[in-house]
Amino acid sequence: MKTAITSKGNGTSAQFDLRFGRAAWFCVIDDETGNTEFFENDCANLSGGAGIKASEKMAELGVAKVISGDFGPKAKEYLNKFNIQMVILSNDSSSIETIISKLKG
Amino acid sequence: MPRRRRHRRIVAPPGFQGYKPYGTVGESAEHISLFYEEYEAIKLADYDLLKHEEACELMGVSRATFARIYESARRKIASALVETREIKTVFGNAVLDNDWLFCHNCSAKFTMPSNLTEQKCPVCKSDKIDFLNKLKI
Ligand SMILES: [Zn+2]
Numbered sequence: 039m040k041t042a043i044t045s046k047g048n049g050t051s052a053q054f055d056l057r058f059g060r061a062a063w064f065c066v067i068d069d070e071t072g073n074t075e076f077f078e079n080d081c082a083n084l085s086g087g088a089g090i091k092a093s094e095k096m097a098e099l100g101v102a103k104v105i106s107g108d109f110g111p112k113a114k115e116y117l118n119k120f121n122i123q124m125v126i127l128s129n130d131s132s133s134i135e136t137i138i139s140k141l142k143g
Numbered sequence: 005m006p007r008r009r010r011h012r013r014i015v016a017p018p019g020f021q022g023y024k025p026y027g028t029v030g031e032s033a034e035h036i037s038l039f040y041e042e043y044e045a046i047k048l049a050d051y052d053l054l055k056h057e058e059a060c061e062l063m064g065v066s067r068a069t070f071a072r073i074y075e076s077a078r079r080k081i082a083s084a085l086v087e088t089r090e091i092k093t094v095f096g097n098a099v100l101d102n103d104w105l106f107c108h109n110c111s112a113k114f115t116m117p118s119n120l121t122e123q124k125c126p127v128c129k130s131d132k133i134d135f136l137n138k139l140k141i
């Protein structure tokens, strides 16, 4: 299973990005191997439809769970359709590695 | 005859219980109660940048009702800023979207897709989870 975390930068020391559709990067973690991969969000600056594009990207990458600070209504509709779990961590200014270690428990 | 109050659908509750001004001069007046649906109207229109047609559809209200909620939200926020008043969010007429769950252990909010069998928090694995719309905030 793969988990995606919205990230402000390319690397696990980067800050968690509270936006989903307009997140700068997506950090994708393979839950089995623990490997992380970063994908730049090339739709972050679209004037509309960024949420839908990002949701489709998640499905394409085979992500089962997305962690972000907020999901717009369109993103929510699409992620629901793809059976992708949405997780909201609000007011969280932690780094990607902190969130990854939380997930490992 | 009083108008019948209809429940409005909102997508997710605000991530705060209130806002307080700081560095104010003199006494602030009493707090302002911002309803969840008012927060939601502002979020849909001014943050998600939806057209009012789309926003009212999502909230399950008529265009006119949406306009009224949105106007009221803007006025409340404006008076809070100008009169340095505290904002408190209250339930209002909102009915929360059934999809969201809440973890009592780590405060994560999440959905539970139907293909998942494990009813646990996706972050901390706690089983102390509840539907958000059952919580009294
Ligand atoms: Zn939890």
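Line by line, the protein sequences give chains C and B.
One rule links them: number in our numbering = place in the first sequence (from 1) + 38.
One rule links them: number in our numbering = place in the second sequence (from 1) + 4.
Yeah, the Cβ is synthetic: ideal placement off N, Cα and C, and Gly gets one too.
Residue closest to residue i, alpha-carbon to alpha-carbon, out of the options
{"i": "B:THR115", "options": "C:GLU98, C:LYS142, C:ALA102", "result": "C:ALA102"}
{"i": "C:LYS46", "options": "C:MET39, C:PHE120, C:PHE54", "result": "C:PHE54"}
{"i": "B:ARG67", "options": "B:HIS56, B:GLU75, B:SER76, B:ALA77", "result": "B:HIS56"}
{"i": "B:LYS47", "options": "B:LYS124, B:ASP131, B:PRO25, B:GLY19", "result": "B:GLY19"}
{"i": "B:ARG72", "options": "B:THR88, B:THR93, B:PHE39, B:ARG89", "result": "B:PHE39"}
{"i": "C:GLU75", "options": "C:LEU127, C:SER132, C:ILE43, C:ALA113", "result": "C:ILE43"}
{"i": "B:GLU34", "options": "B:ILE91, B:PHE70, B:VAL127", "result": "B:ILE91"}
{"i": "B:GLU61", "options": "C:PRO111, C:SER139, C:GLU94", "result": "C:PRO111"}
{"i": "C:THR50", "options": "C:GLY89, C:ASP108, C:ALA88, C:THR136", "result": "C:THR136"}
{"i": "B:CYS110", "options": "B:GLU122, B:THR88, B:ILE133", "result": "B:ILE133"}
{"i": "B:GLY3", "options": "B:SER130, B:LYS113, B:VAL94", "result": "Any answer about residue 3 of chain B is impossible in this case: the structure gives chain B only from 5 up to 141."}
{"i": "C:CYS65", "options": "C:LYS142, C:GLY143, C:ILE138", "result": "C:ILE138"}
{"i": "B:TRP104", "options": "C:THR71, C:LEU127, C:LEU141, C:ALA88", "result": "C:LEU127"}
{"i": "C:GLU94", "options": "C:ASN83, C:GLY107, C:LYS114", "result": "C:LYS114"}
{"i": "C:LYS179", "options": "B:PRO126, B:GLU75, B:ALA45", "result": "Nothing about residue 179 of chain C can be read from this structure; chain C reaches only from 39 to 143."}
{"i": "B:GLY27", "options": "B:LYS129, B:LEU54, B:ARG89", "result": "B:ARG89"}
{"i": "C:ILE105", "options": "C:THR71, C:ILE134, C:GLY72, C:LEU84", "result": "C:ILE134"}
In DSSP terms, what residue i is bridged to
{"i": "B:ALA24", "result": "The question names Ala, but residue 24 of chain B is Lys in the sequence shown. Its beta-bridge partners do not exist; DSSP assigns none."}
{"i": "C:THR41", "result": "C:ILE67, C:LYS103"}
{"i": "B:LEU38", "result": "B:THR93"}
{"i": "C:THR74", "result": "C:ILE67"}
{"i": "C:ILE138", "result": "C:ILE138 pairs with nothing; no bridge assigned."}
{"i": "C:PHE120", "result": "Paired residues: none, contrary to the question."}
{"i": "C:PHE145", "result": "The question about residue 145 of chain C has no answer here: the residues shown for chain C are numbered 39 through 143."}
{"i": "B:ASP134", "result": "B:PHE106"}
### Message
Under 7 Å, CB to CB, which of the residues in the region 70 to 104 of chain C have a partner in chain B?
### Response
Listed by position, the residues of the region 70 to 104 of chain C near chain B (Cβ gap below 7 Å) are LYS103.
### Contact the region 79 to 89 of chain B vs the region 95 to 112 of chain C: 3+ CB pairs below 8 Å
no
### Task
Note down, in chain order, all residues in the region 113 to 136 of chain B with a beta-carbon under 8 Å from any beta-carbon belonging to chain C.
LYS113, PHE114, THR115, MET116, PRO117, SER118, ASN119, LEU120, PRO126, VAL127, CYS128, LYS129
### 3 or more residues per run - each beta strand (DSSP E) lying fully within the region 102 to 129 of chain B
105 to 107
### Task
Examine the Cβ distances between the region 73 to 86 of chain C and the region 44 to 60 of chain C and report whether three or more of them are shorter than 8 Å.
Between the region 73 to 86 of chain C and the region 44 to 60 of chain C there are three or more inter-stretch CB-CB distances shorter than 8 Å, so the stretches are counted as touching.
### Query
Using Cβ-Cβ distances below 9 Å, what residues of the region 109 to 138 of chain C are close to chain B?
PHE109, GLY110, PRO111, LYS112, LYS114, LEU117, ASN118, PHE120, ASN121, ILE122, GLN123, MET124, VAL125, ILE126, LEU127, SER128, ASN129, ILE137
### Query
For the 8 Å Cβ check, are there 3 or more pairs between the region 120 to 130 of chain C and the region 113 to 128 of chain B?
yes
### Task
With 7 Å as the limit, tell me which residues of the region 59 to 70 of chain B have their beta carbon closer than that to any beta carbon of chain C; keep them in chain order.
LEU62
### Message
As an exercise, report each continuous beta strand (DSSP E) stretch of at least 3 residues that is fully enclosed by the region 36 to 89 of chain B, in chain order.
### Response
Within the region 36 to 89 of chain B, the complete beta strand (DSSP E) runs of at least 3 residues are 36 to 39.
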